[in-house]
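Written out below as structure tokens is the structure these notes cover.
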Amino acid sequence: GAVVSQHPSWVICKSGTSVKIECRSLDFQATTMFWYRQFPKQSLMLMATSNEGSKATYEQGVEKDKFLINHASLTLSTLTVTSAHPEDSSFYICSARVNRGYNEQFFGPGTRLTVL
Amino acid sequence: QKEVEQDPGPLSVPEGAIVSLNCTYSNSAFQYFMWYRQYSRKGPELLMYTYSSGNKEDGRFTAQVDKSSKYISLFIRDSQPSDSATYLCAMSTGANSKLTFGKGITLSVRP
Numbered sequence: 039g040a041v042v043s044q045h046p047s048w049v050i051c052k053s054g055t056s057v058k059i060e061c062r063s064l065d066f067q068a069t070t071m072f073w074y075r076q077f078p079k080q081s082l083m084l085m086a087t088s089n090e091g092s093k094a095t096y097e098q099g100v101e102k103d104k105f106l107i108n109h110a111s112l113t114l115s116t117l118t119v120t121s122a123h124p125e126d127s128s129f130y131i132c133s134a135r136v137n138r139g140y141n142e143q144f145f146g147p148g149t150r151l152t153v154l
Numbered sequence: 296q297k298e299v300e301q302d303p304g305p306l307s308v309p310e311g312a313i314v315s316l317n318c319t320y321s322n323s324a325f326q327y328f329m330w331y332r333q334y335s336r337k338g339p340e341l342l343m344y345t346y347s348s349g350n351k352e353d354g355r356f357t358a359q360v361d362k363s364s365k366y367i368s369l370f371i372r373d374s375q376p377s378d379s380a381t382y383l384c385a386m387s388t389g390a391n392s393k394l395t396f397g398k399g400i401t402l403s404v405r406p
């Protein structure tokens with residue numbers, strides 16, 4: 039159980055376009071989802087915490103107008119990279135927290151974004 | 296100083312070896328400690344979870360937490376080629392707090 043999917047798994051786009059990435063919890067409801075960014079050979083950097091039905095909480099240094107997060111239901115959160123530029127190219131990973139009394143997060147397989 | 300430091304690696308060992316992976320941290324408020332395994336181009340998967348200090352064993356894996364030294368370890372016994380992956384330590388201050396990750400170490404187990 040506790041499967042998280044992401045779509046698309048990879049995307050290539052032109053500079054200036056917007057890209058939407060979906061994160062779904064397939065077999066459980068997730069009131070809280072997280073969005074991370076990972077550069078090659080680097081760790082996961084938390085971008086924002088997404089709570090169902092409320093505004094996302096962004097980490098310091100993350101532009102909320104550039105990285106739009108919507109958590110419309112208990113099984114779906116979306117990240118939209120607006121007006122993408124080559125420096126936004128990265129591996130984006132979402133996770134969903136399961137309420138088991140401790141901080142267990144299940145991660146999606148990630149989305150590789152390449153901006154030309 | 297980063298909140299979580301992890302040995303940079305990479306690490307290459309022969310099959311059957313005992314592997315020791317380590318992280319140190321500076322925030323004494325961390326109470327939940329986790330080890331994740333990440334295969335190339337995949338999302339991390341939880342391997343071990345420990346609350347506060349002590350040891351926890353699961354099959355070939357043992358997680359160890361020493362809060363007095365702010366040091367955690369993951370031991371892998373009888374390592375297998377399938378253990379080849381990147382291992383990330385992660386920790387948080389509370390059950391509903393954000394995770395802070397180490398940089399990760401890439402392990403390669405040679406047949």
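For the record, the sequence lines run as chains A and B. Take 39 as the starting number for the first sequence in our numbering and just add one per residue. Take 296 as the starting number for the second sequence in our numbering and just add one per residue. For glycine and all other residues, C-beta sits at the position ideal for the given N, C-alpha and C.
Which residues DSSP lists as bridging residue i, in chain order
{"i": "H109 (chain A)", "result": "DSSP output for H109 (chain A) lists no bridge partner at all."}
{"i": "S368 (chain B)", "result": "B:N317, B:Q359"}
{"i": "K351 (chain B)", "result": "B:A358"}
{"i": "E340 (chain B)", "result": "B:R332"}
{"i": "T395 (chain B)", "result": "B:M386"}
{"i": "P309 (chain B)", "result": "B:R405"}
{"i": "F325 (chain B)", "result": "According to DSSP, which records beta bridges pairwise, F325 (chain B) is partnered with nothing at all."}
{"i": "F72 (chain A)", "result": "A:T87, A:S133"}
{"i": "E60 (chain A)", "result": "A:H45, A:T116"}
Top-ranked residue by Cα proximity to residue i, from the options
{"i": "A324 (chain B)", "options": "B:M343, B:L316, B:K362, B:N317", "result": "B:K362"}
{"i": "L117 (chain A)", "options": "A:P124, A:H123, A:F77, A:D103", "result": "A:D103"}
{"i": "K52 (chain A)", "options": "A:S121, A:E142, A:A134, A:A86", "result": "A:S121"}
{"i": "T401 (chain B)", "options": "B:E300, B:Y334, B:P305, B:E298", "result": "B:P305"}
{"i": "T152 (chain A)", "options": "A:Y96, A:V42, A:D126", "result": "A:D126"}
{"i": "Q326 (chain B)", "options": "B:E310, B:N391, B:P406, B:S403", "result": "B:N391"}
Rounded C-alpha distance that separates residue i from residue j
{"i": "K393 (chain B)", "j": "S56 (chain A)", "result": "27 Å"}
{"i": "F105 (chain A)", "j": "M343 (chain B)", "result": "31 Å"}
{"i": "F66 (chain A)", "j": "G146 (chain A)", "result": "13 Å"}
{"i": "T319 (chain B)", "j": "M83 (chain A)", "result": "18 Å"}
{"i": "S63 (chain A)", "j": "T149 (chain A)", "result": "15 Å"}
{"i": "V360 (chain B)", "j": "L154 (chain A)", "result": "44 Å"}
{"i": "V119 (chain A)", "j": "I59 (chain A)", "result": "8 Å"}
{"i": "Y382 (chain B)", "j": "T395 (chain B)", "result": "14 Å"}
{"i": "R75 (chain A)", "j": "L114 (chain A)", "result": "18 Å"}
{"i": "P376 (chain B)", "j": "E300 (chain B)", "result": "26 Å"}
Beta strand (DSSP E) runs wholly inside the segment 75-152 of chain A, at least 3 long, in chain order: 82-89, 105-111, 114-119, 128-137, 141-145
Check whether the segment 86-99 of chain A and the segment 63-78 of chain A touch, using three or more Cβ-Cβ pairs below 8 Å as the test. yes
On the three-pair Cβ rule with 8 Å, is the segment 308-322 of chain B touching the segment 363-375 of chain B? yes
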